[in-house]
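Colleague: In our numbering, the protein residues as written are 2 to 269. Backbone N, C-alpha and C define an ideal beta-carbon position, used for all residues, glycine too. Sharing a structure below in structure tokens format, with a few things to ask.
Shown next as structure tokens:
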């Protein structure tokens, strides 16, 4: 019973990340269409979460987890495509340190973070008092893990993993810091590992073959993946390489579209 949820968590993480990377690598004129369709998918996912909030089956646990990934992917696309970020879209001011640097960095992403927080509250609201909490807990876990990664990038890590940032978000790289280690990193890894162990124990304590056991196993797998993503920030391995194929496909389409525009202009 434990292996299928873990494999599903891994599969959803991989497919979701690859899809976002691919769509973000396509020509910019496709962004509005991609966001519109993914937004409709996110709304549909939220409706399914609400409709199955009282469902304690294993299938409902998978559905809630997958729905949260879909909604999360929409938020990530809105950020990477430059639609929802923050009021500050300028590089870090030269010489900015301490509070000034933190304030400027926060202003680059605050709208995105508030949108995610609002969505997390909405998911808990539509499932309040119901047994199936797979979707809100998954979304909240993704939010916590992503905040931890952002703070570690801000404080400094060896591998900045900034290859996935498109040109229109290049200014964000100026807020990252290249350092061997920071004090938050070991705490982040320990916290993520603790969440994974805690969720795993809850899955073992839940009735075997039920939705609760599946939900906690999915969350344990996601927390473990979050720890792995954090480790990529310090290990001499770049996780972005796993998704270069998706980026390359999108980039090829982008170059083809640009060439077609240039050719059409030349004929005109």
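1. Exposed or buried, what is residue 176 when buried is set at 16 or more other beta-carbons lying within 10 Å of its beta-carbon?
2. Which residue spans inside the region 180-210 form an unbroken alpha helix (DSSP H) run of at least 4?
3. Cutting at 8 Å between CB atoms, please list the residues of its own chain near residue 77, excluding the five before and the five after it.
4. Report yes or no: do three or more beta-carbon pairs, one from the region 194-209 and one from the region 158-173, lie closer than 8 Å?
5. Whose C-beta lies closer than 6 Å to the C-beta of residue 161 among residues of the same chain, with five residues either side of it excluded?
6. Would you kindly check if the distance between the Cβ of residue 140 and the Cβ of residue 109 is under 8 Å?
7. How is residue 85 classed by DSSP in three states: helix, strand or coil?
8. State the DSSP-derived secondary structure class of residue 158, mapped to helix, strand or coil.
9. Out of 138, 79, 92 and 186, state which residue places its alpha-carbon closest to the alpha-carbon of residue 222.
10. Evaluate contact between the region 78-87 and the region 22-38, counting only Cβ atoms and requiring at least three cross-stretch pairs below 8 Å.
11. Near residue 102, what residues of its chain come up, given a Cβ to Cβ distance below 7 Å and the 5 sequence neighbours on each side ignored?
12. Please classify residue 1 as buried or exposed, where buried requires at least 16 other C-beta atoms within 10 Å of its C-beta.
13. Using the C-alpha atoms, what's the distance from residue 157 back to residue 1?
14. Write down the C-beta distance between residue 113 and residue 74 rounded to the nearest angstrom, noting that I regard them as a contact closer than 8 Å.
15. For the region 114-133 against the region 35-42, are there 3 or more C-beta pairs whose distance is under 8 Å?
16. With respect to the alpha helix (DSSP H) encompassing residue 3, which residues constitute its N-terminal and C-terminal limits?
17. Between which residues of its own chain and residue 218 is the CB-CB distance below 6 Å, once the five residues before and five after are set aside?
18. Alpha carbon to alpha carbon, how far is residue 202 from residue 190? Give it in angstroms, no decimals.
19. Classify residue 274 as helix, strand or coil using the three-state DSSP reduction.
20. Does DSSP put residue 236 in a helix, in a strand, or in coil?
Modeller: Inspection of the coordinates gives the following:
1. Looking at its Cβ environment, which holds 16 or more other Cβ atoms inside 10 Å, residue 176 is buried.
2. Taking only runs of at least 4 residues, the alpha helix (DSSP H) segments lying wholly in the region 180-210 are 185-206.
3. Here the set comprises 21.
4. Judged by Cβ distances under 8 Å, the region 194-209 makes no contact with the region 158-173, as fewer than three pairs qualify.
5. Non-local beta-carbon contacts of residue 161 in its own chain, meaning distances under 6 Å to residues more than five positions away in sequence, involve 177 in chain order.
6. Cβ atoms of residue 109 and residue 140: not closer than 8 Å.
7. The answer is coil: DSSP assigns residue 85 none of H, G, I, E or B.
8. Look at residue 158 here: in three-state DSSP terms it is strand.
9. That would be 138, whose Cα lies nearest to the Cα of residue 222.
10. They touch, by the three-pair rule.
11. Excluding sequence neighbours, residue 102 sits near 93.
12. No information on residue 1 is available, as it lies outside the stretch 2 to 269 that the chain covers here.
13. A query on residue 1 cannot be resolved here, the shown segment of the chain reaching from 2 to 269 and no further.
14. Contact flag wrong, Cβ pair sits at about 14 Å.
15. No, because fewer than three Cβ pairs between the region 114-133 and the region 35-42 fall closer than 8 Å, the two stretches do not touch.
16. Looking at the DSSP string, residue 3 is not in any alpha helix (DSSP H), and its letter there is neither H nor E.
17. Around residue 218: 3, 6 and 204.
18. It is roughly 18 Å from the alpha-carbon of residue 190 to the alpha-carbon of residue 202.
19. Nothing can be reported for residue 274: it is not among the residues displayed for the chain, which extend from 2 to 269.
20. Here residue 236 carries a coil assignment [DSSP, helix/strand/coil].
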